[in-house]
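One structure below.
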Amino acid sequence: MDFLRKIHDINKAGPLPTGTLLCTMDVSALYTNIPHTEGITACREALTKWREHITKPSATFLCNLIQHILTLNFFQFEDNLWLQTHATAMGTSMAPSYANFFMGALEGKMLNSSPHQPLIWLRYIDIFLIWTHGSSTLDQFLAHANNFHPTIKFISEISPLKIPFLDVMISLKDGRLETDLYSKPTDTFNYLHWGSCHPHDTKRSIPYSLAFRLVRTCSTEEALNTRFAQLSSHLQKRGFPHKQIELAINKARGTPRP
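So this is what it looks like as structure tokens:
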């Protein structure tokens, strides 16, 4: 939702210049490549900076807990016990916040040391940026990013037309950004079946929730109608009554786009 608001604000600022490039940067194996010392330092700096919003527990207490999680991470594989000595485990609940703190600290230093800056830089672990300095300088910027830290490397995708980020397909048309739903090729749309023993209200809420997501994500009427038709087909395959689907879609269609 926050990402879509930012796209809306970019469009309000006026058309993007000719030659604009869309780019995403995905950190390769982020969780398993964050050095303990740098990660904890980034957490301490962020928790101290935002102390007025996070009054308790103290930054020192939280960082001590983080250190325990990172350094006492034992696991068993077959008959052997192992201790993970580098980075954070994939499954621990603190890993996303820990990684975001680390990337926030890293990106600030990396961007400040680059001779060229992206017009827009948005990050939610992965990164979306808008580049207006030409393709050759973008290549230099990406090389700089990949050489900035010994363990943090980026997989990049660049396009002058459209690019996926999170669950959104962003397209550049006539200097403006349009958004549409993006689903991975592996998505089976295997929603809860209508015949399930879940409460009726739970099942009835699914079509509207999915339809409202489309209203929120799709910025053009053409894209929205296409996605509504696809959603109806997916839900009917999961046993949902056609009338129930149509009621939900019509209700969502009448909801103002955030």
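Numbering (our numbering), first residue to last: 1436 to 1693. Using N, Cα and C, we set each Cβ at its ideal position, and we do this for glycine too.
Distance between beta carbons of residue j and residue i, contact taken as under 8 Å
i            : j            : result
residue 1573 : residue 1456 : 6 Å
residue 1465 : residue 1560 : 7 Å
residue 1650 : residue 1692 : 6 Å
Where residue i falls, given that 16 or more other Cβ within 10 Å makes a residue buried
i            : result
residue 1437 : exposed
residue 1509 : exposed
residue 1536 : buried
residue 1538 : buried
residue 1475 : buried
residue 1496 : exposed
residue 1624 : exposed
residue 1534 : buried
residue 1609 : exposed
residue 1486 : exposed
residue 1427 : Any property of residue 1427 remains undetermined from this structure, which presents the chain solely from 1436 to 1693.
residue 1621 : exposed
Chain-order list of residues whose beta-carbon lies under 6 Å from that of residue i (same chain, five-residue window excluded)
i            : result
residue 1494 : 1479, 1482 and 1483
residue 1600 : 1459 and 1563
residue 1452 : 1567
residue 1595 : 1456
Residues that DSSP places opposite residue i in a beta bridge
i            : result
residue 1611 : 1608
residue 1459 : 1563 and 1592
residue 1598 : 1605
residue 1556 : 1564
residue 1616 : 1603
Neighbourhood of residue i by C-beta distance below 8 Å, restricted to the same chain and skipping five residues each side
i            : result
residue 1597 : 1457, 1604, 1605, 1606 and 1607
Chain-order list of residues whose beta-carbon lies under 7 Å from that of residue i (same chain, five-residue window excluded)
i            : result
residue 1686 : 1643
Any non-hydrogen atom of the ligand GDP closer than 7 Å to residue i Cβ
i            : result
residue 1458 : This structure lacks the ligand GDP; in fact it carries no ligand of any kind.
Which ranges would you report for the alpha helix (DSSP H) in the segment 1506–1551 if only whole runs of at least 4 residues count?
-> Every alpha helix (DSSP H) of 4 residues or more that sits fully in the segment 1506–1551 is shown, in chain order, as 1530–1547.
Beta strand (DSSP E) runs wholly inside the segment 1473–1505, at least 3 long, in chain order = Listed in chain order, nothing qualifies, since the segment 1473–1505 has no complete beta strand (DSSP E) run of 3 or more residues.
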